[in-house]
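Reading through the structure tokens given below for one structure.
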Amino acid sequence: MAKKRNGRQDAIRDIVRNKDVRTQRMLVDELKACGFDCTQATVSRDIADMGLRKLPEGVYVLAEDLHLQRMVSELVTGVQRTDNLVLVKAQPGTASGIAAAVDAAELPDVLGSLAGNDTILVIAQTAEDGEKFESLITKLRSVRK
Numbered sequence: 001m002a003k004k005r006n007g008r009q010d011a012i013r014d015i016v017r018n019k020d021v022r023t024q025r026m027l028v029d030e031l032k033a034c035g036f037d038c039t040q041a042t043v044s045r046d047i048a049d050m051g052l053r054k055l056p057e058g059v060y061v062l063a064e065d066l067h068l069q070r071m072v073s074e075l076v077t078g079v080q081r082t083d084n085l086v087l088v089k090a091q092p093g094t095a096s097g098i099a100a101a102v103d104a105a106e107l108p109d110v111l112g113s114l115a116g117n118d119t120i121l122v123i124a125q126t127a128e129d130g131e132k133f134e135s136l137i138t139k140l141r142s143v144r145k
């Protein structure tokens with residue numbers, strides 16, 4: 001049972017990071033598309049166990065991504081990607097804090113980051129992982145307090 005729950009929660013983590021999930025029903029449907037047969041009550045328990053939060057815009061976010069979301073929405077000014085390399089531009093003097101938040105989020109597809117004064121280079125494992133990270137940062141950037 002625990003193994004199944006962990007696999008489902010890993011799937012939830014991936015879904016929430018890569019899609020704009022607004023309702024538990026939507027999450028149940030996404031999980032079913034991934035091969036998990038579960039009820040809304042099960043998903044509700046998973047949301048509580050994982051500490052998922054709903055942003056003011058109505059989108060679920062992982063608890064470990066909240067700090068990253070705050071940093072990105074307030075300080076990031078742009079994002080560009082080429083293959084597995086993502087360049088994140090930020091307010092002067094804030095790059096090391098944003099890079100630390102990226103590292104703390106322990107994103108599975110990110111190998112690491114390098115920070116200067118106003119620029120962070122994030123290295124993903126593959127071009128597809130770089131695209132996922134770019135999408136996540138773009139999504140988090142659009143979220144405002």
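Per full-length UniProt numbering, residue 1 is the first one in the sequence shown, and the count goes up by one each step.
The C-beta atom is built at its ideal place from N, Cα and C for all residues, glycine as well.
- Under the three-state reduction of DSSP, alanine 124 is assigned to strand.
- Distances from the CA of glycine 51 to each of Thr82, Val28, Gln9 were compared; the closest alpha carbon is that of Gln9.
- Membership of alanine 95 in the alpha helix (DSSP H) is indicated by the continuous run 95 to 104.
- Counting only runs that start and end inside the UniProt domain "Arginine repressor DNA-binding" (4 to 65), the alpha helix (DSSP H) elements of at least 4 residues fall at 24 to 33, 40 to 50.
- A distance below 8 Å between beta-carbons, with the five flanking residues on each side excluded, links serine 113 to the following residues of its chain, in chain order: Ala99, Val102, Asp103, Ile120, Leu121, Val122, Ile123.
- For leucine 114, the enclosing beta strand (DSSP E) starts and ends at 110 to 115.
- Inclusion of valine 86 and glutamate 134 in the CB contact set at 8 Å is warranted, their separation being smaller than that value.
- Counting only the Cα atoms, leucine 62 lies some 14 Å from serine 44.
- Per DSSP, glutamine 80 is one residue of the beta strand (DSSP E) stretching across 76 to 82.
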